[in-house]
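K.L.:
Here's a structure for you.
2 protein chains.
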Amino acid sequence: MDMTADAPPPSVDEGSRAAVRRTQILDAATQCFRTCGFHGASIARISRLAGMSTGHIYHYFANKEAIIAAIVQRDLERIVTVWAELRASRDVRETMIALSAEGVGDHLDADAAKLRLEIITEAARNPEVARIVHAADCCCMASLIETLRIARQMSGMHDDDATLTSMAEVLAAIFEGLSIRTIRNPGLDREALAAMVQRVIRWTISSPD
Amino acid sequence: MDMTADAPPPSVDEGSRAAVRRTQILDAATQCFRTCGFHGASIARISRLAGMSTGHIYHYFANKEAIIAAIVQRDLERIVTVWAELRASRDVRETMIALSAEGVGDHLDADAAKLRLEIITEAARNPEVARIVHAADCCCMASLIETLRIARQMSGMHDDDATLTSMAEVLAAIFEGLSIRTIRNPGLDREALAAMVQRVIRWTISSPD
DNA sequence: CGTTCTAGATTGAACGTTCATTCTATGTTA
DNA sequence: TAACATAGAATGAACGTTCAATCTAGAACG
Numbered sequence: 001m002d003m004t005a006d007a008p009p010p011s012v013d014e015g016s017r018a019a020v021r022r023t024q025i026l027d028a029a030t031q032c033f034r035t036c037g038f039h040g041a042s043i044a045r046i047s048r049l050a051g052m053s054t055g056h057i058y059h060y061f062a063n064k065e066a067i068i069a070a071i072v073q074r075d076l077e078r079i080v081t082v083w084a085e086l087r088a089s090r091d092v093r094e095t096m097i098a099l100s101a102e103g104v105g106d107h108l109d110a111d112a113a114k115l116r117l118e119i120i121t122e123a124a125r126n127p128e129v130a131r132i133v134h135a136a137d138c139c140c141m142a143s144l145i146e147t148l149r150i151a152r153q154m155s156g157m158h159d160d161d162a163t164l165t166s167m168a169e170v171l172a173a174i175f176e177g178l179s180i181r182t183i184r185n186p187g188l189d190r191e192a193l194a195a196m197v198q199r200v201i202r203w204t205i206s207s208p209d
Numbered sequence: 210m211d212m213t214a215d216a217p218p219p220s221v222d223e224g225s226r227a228a229v230r231r232t233q234i235l236d237a238a239t240q241c242f243r244t245c246g247f248h249g250a251s252i253a254r255i256s257r258l259a260g261m262s263t264g265h266i267y268h269y270f271a272n273k274e275a276i277i278a279a280i281v282q283r284d285l286e287r288i289v290t291v292w293a294e295l296r297a298s299r300d301v302r303e304t305m306i307a308l309s310a311e312g313v314g315d316h317l318d319a320d321a322a323k324l325r326l327e328i329i330t331e332a333a334r335n336p337e338v339a340r341i342v343h344a345a346d347c348c349c350m351a352s353l354i355e356t357l358r359i360a361r362q363m364s365g366m367h368d369d370d371a372t373l374t375s376m377a378e379v380l381a382a383i384f385e386g387l388s389i390r391t392i393r394n395p396g397l398d399r400e401a402l403a404a405m406v407q408r409v410i411r412w413t414i415s416s417p418d
């Protein structure tokens, strides 16, 4: 249960020691939040898992909310990066279809789904978290819309912004909905579902106007 | 702020007074849970909104978890009923498309979405709630699968169970995903999105095998 | 009809626990 | 030694839950 591994101060090279500590805390908190939720996870639990005292947490974060905000930020930054990479790829259309399989797997993963839901639910009641979530969403959706525009142009289709936006919203809804499905119905057939999602995506890209 | 309306004992006709009280508590709790979350809502808050003392809550519910479970149950029973009605309708295919508009509106409603997310997130950490949620989901999905089978047969398509199940999962994911979308991006265009969802549903019903 | 009895409804203070946060003291490094 | 890192006990607030006391409405009875 103890993950501390008494992190050796000698091998500290990535930035300051503070950065390492911050990451330790964020990692521990992420795990706690997954199992107990944002409000069910206590600072005592997080600090134990991070291998430090409760009080020390407050050297790196002003309060528990700041930890939540930082985790949300870190999680979303990762996703925004993936989207940026996708948009930069050569054959956007095929990359998109290929990546969708990965995306389905990601959203069906129980652990990842739990944290995602925890974040969204927190955004529904915490305006600060809502702000962060919305900002990240704007980035991702802009990427998705442009990717979609290119993919559909490749299929000879030219759509206005409103149409592309709605398409993107539906695609986003499918993926994010999968995280709910995996909670409601843990026994679902992941492979069959992935195939069906790909089928819908193909159709979305190439459907007539 | 006071919803009590000192419920007149004379006009009590629906079952016992206890049933009325139980409903009062559940209504108040629902509202609290929407704004503060399952764990952020205190018994004190709920009892104040329900117009009774904290202690009295425990005459009707063993503990806070039981209130959560009851709300989840009540919410899901409503949905299961809607699905049962849909399945019993005549022109299933058109009823399905028509009802989808209603479904989109329902899932995009911020208040409804908040409670739905609260429930799912709780199911992700509370096995008892997960059990209730899964049981209700089985009912709804069975209805959806049969509805889908009939609708596709009307379009001349005959699918095996696995295919229908995956289709149903994707449709469910779209709707439930909308609740996440409305949190992430509150400014989305509801009408355009509803139209796009209907387009996807039409295609799903009539797409070739 | 008036009185008494009683069971359930209802209250609000009290309890024990847990939690986030603060404070003080000690260790470490440069 | 000066500045920073770390620990862990202390604090006070908030919470879920319990409980003994009070109220209320109607049944039983004379």
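Top to bottom, those sequences are chains A and B. According to this note's numbering, the stretch in the first sequence is residues 1 to 209, in order. According to this note's numbering, the stretch in the second sequence is residues 210 to 418, in order. Using N, Cα and C, we set each Cβ at its ideal position, and we do this for glycine too. Just so you know, these numbers come straight off a predicted model, no measurement behind them.
Short of 7 Å in beta carbon distance, which residues of its chain neighbour Ser364 (chain B), apart from the five on each side in sequence? Order them along the chain.
P.N.:
Same-chain partners within the cutoff: Ile414 and Ser415.
K.L.:
Excluding five sequence neighbours on each side, which residues of the same chain lie with their C-beta closer than 8 Å to the C-beta of Ile266 (chain B)?
P.N.:
For Ile266 (chain B), where only same-chain residues beyond five positions count, the Cβ hits under 8 Å are Ile234, Ile252, Ile255, Ser256, Ala259 and Ile276.
K.L.:
Is the beta carbon of Arg125 (chain A) closer than 8 Å to that of Thr244 (chain B)?
P.N.:
Yes, they are a contact pair.
K.L.:
Taking the CB atoms as reference points, tell me whether Val82 (chain A) and Cys139 (chain A) lie closer together than 8 Å.
P.N.:
For Val82 (chain A) and Cys139 (chain A), no; Cβs fall outside 8 Å.
K.L.:
Put Ser251 (chain B) into one of helix, strand or coil per three-state DSSP.
P.N.:
Three-state DSSP puts Ser251 (chain B) in coil, outside helix and strand.
K.L.:
Do the stretch 392–410 of chain B and the stretch 344–359 of chain B make contact, defined as three or more Cβ pairs closer than 8 Å?
P.N.:
No: the two stretches stay apart, fewer than three of their Cβ pairs being nearer than 8 Å.
K.L.:
Which residues in the same chain as Ser53 (chain A) place their Cβ atom closer than 7 Å to its Cβ, once the five residues preceding and following it in sequence are excluded?
P.N.:
Answer for Ser53 (chain A): Ser47, listed in chain order.
K.L.:
Use the C-beta contact count for Gly386 (chain B): other C-beta atoms within 10 angstroms, 16 or more gives buried, fewer gives exposed.
P.N.:
By the neighbour-count rule (16 or more Cβ atoms within 10 Å), Gly386 (chain B) is buried.
K.L.:
Can you give me the Cβ contacts of Thr165 (chain A) inside the same chain, cut-off strictly under 7 Å, excluding the 5 residues immediately before and after it?
P.N.:
Ile145, listed in sequence order.
K.L.:
Pull up the CB-CB distance for Arg390 (chain B) and Ala172 (chain A), whole angstroms please, since I reckon it's below 8 Å.
P.N.:
Sure, about 6 Å apart at Cβ, within 8 Å.
K.L.:
Between which residues of its own chain and Arg226 (chain B) is the CB-CB distance below 6 Å, once the five residues before and five after are set aside?
P.N.:
Taken in chain order, the list of residues that qualify is empty.
K.L.:
If the cut-off is 8 Å on Cβ atoms, which residues from the stretch 234–253 of chain B count as contacting chain A, listed in chain order?
P.N.:
Residues passing the 8 Å Cβ filter: Thr244, Cys245, Gly246, His248 and Gly249.
K.L.:
Put Pro395 (chain B) into one of helix, strand or coil per three-state DSSP.
P.N.:
DSSP places Pro395 (chain B) in coil when its eight states are reduced to three.
K.L.:
Is Gly187 (chain A) near the ligand HEM, with its Cβ less than 7 Å from a heavy atom?
P.N.:
Only the bare structure without any ligand can be found here, which leaves the ligand HEM out of the picture.
K.L.:
Quick check on Thr121 (chain A) - is its C-beta less than 8 Å from some C-beta in chain B?
P.N.:
Answer yes: the Cβ-Cβ gap between Thr121 (chain A) and chain B drops below 8 Å somewhere.
K.L.:
Taking only beta-carbon positions, decide if Gln153 (chain A) is within less than 8 Å of chain B.
P.N.:
Output row for Gln153 (chain A): interface = no.
K.L.:
CB Val129 (chain A) to CB Ala62 (chain A), shorter than 8 Å?
P.N.:
In this structure, Ala62 (chain A) does not lie closer than 8 Å to Val129 (chain A) by Cβ.
K.L.:
With 16 other CB atoms within 10 Å as the buried threshold, where does Ala344 (chain B) fall?
P.N.:
So Ala344 (chain B) ends up on the exposed side.
K.L.:
Near Pro10 (chain A), what residues of its chain come up, given a Cβ to Cβ distance below 7 Å and the 5 sequence neighbours on each side ignored?
P.N.:
With a pLDDT of only 34 at Pro10 (chain A), under 50, the local geometry of the prediction cannot be trusted, and the value read off the model is given with reservation. None.
K.L.:
Excluding sequence positions up to five away, which residues of its chain have a Cβ less than 7 Å from the Cβ of Ile306 (chain B)?
P.N.:
Excluding sequence neighbours, Ile306 (chain B) sits near Gln407, Ile410 and Arg411.
K.L.:
Determine, using beta carbons only, whether Leu317 (chain B) and Arg399 (chain B) come nearer to each other than 8 Å.
P.N.:
Against a cut-off of 8 Å, the Cβ pair of Arg399 (chain B) and Leu317 (chain B) comes out as a contact.
K.L.:
Within the same chain, show all residues whose beta-carbon is closer than 7 Å to that of Val281 (chain B), passing over the 5 residues directly before and after it, in chain order.
P.N.:
Contacts found: Ile328, Val338, Ile341 and Val342.
K.L.:
Report the three-state DSSP secondary structure of Ile410 (chain B) (helix, strand or coil).
P.N.:
Ile410 (chain B): helix per DSSP, three-state reduction.
K.L.:
Under DSSP, the alpha helix (DSSP H) around His269 (chain A) begins and ends at which residues?
P.N.:
For residue 269 (chain A) there is no data in the structure shown, the boundaries of chain A being 1 and 209.
K.L.:
Kindly give me the distance between the Cβ atoms of Leu326 (chain B) and Leu115 (chain A), rounded to whole angstroms, as I take these residues to be in contact under 8 Å.
P.N.:
That belief does not hold up - the Cβ atoms of Leu326 (chain B) and Leu115 (chain A) are roughly 13 Å apart, past 8 Å.
K.L.:
Go ahead and label Asp160 (chain A) buried or exposed: buried means 16 or more other beta carbons lie within 10 angstroms of its beta carbon, across all protein chains shown.
P.N.:
So Asp160 (chain A) counts as exposed.
K.L.:
Should Glu378 (chain B) go down as buried or exposed, given a rule of 16 or more other Cβ atoms within 10 Å for buried?
P.N.:
Per the 10 Å Cβ criterion, buried.
K.L.:
Would a C-beta distance cut-off of 8 Å place Ala403 (chain B) and Val313 (chain B) closer than the cut-off?
P.N.:
Yes.
K.L.:
Just the chain A side, please: which residues come within less than 8 Å of Arg390 (chain B) by C-beta, in chain order?
P.N.:
Result: Glu169, Ala172, Ala173 and Glu176.
K.L.:
Looking at chain B, is there any beta carbon in it that lies within less than 8 Å of the beta carbon of Val133 (chain A)?
P.N.:
Val133 (chain A) counts as touching chain B.
K.L.:
With 16 as the cutoff for other CB atoms within 10 Å, does Arg90 (chain A) come out buried or exposed?
P.N.:
It counts as exposed.
K.L.:
Output yes if chain B places a C-beta closer than 8 Å to the C-beta of Arg125 (chain A); else output no.
P.N.:
Chain B, which has a Cβ nearer than 8 Å to the Cβ of Arg125 (chain A), makes this yes.
K.L.:
Taking the alpha-carbon positions, what's the Met3 (chain A) to Asp346 (chain B) distance?
P.N.:
Interpretation of Met3 (chain A) is limited by its pLDDT of 36, a score under 50 that renders its predicted location unreliable; the figure taken from the coordinates is listed afterwards. Each residue's alpha carbon lies about 37 Å from the other.
K.L.:
Residue range of the alpha helix (DSSP H) that Ile278 (chain B) falls in?
P.N.:
Position check: residue 278 (chain B) holds Ala in this sequence, whereas Ile was assumed. From DSSP, the alpha helix (DSSP H) with Ala278 (chain B) extends over Lys273 to Ala297.
K.L.:
Taking the C-alpha atoms as reference points, what is the distance between Ala192 (chain A) and Arg22 (chain A)?
P.N.:
Roughly 40 Å between the two C-alpha positions.
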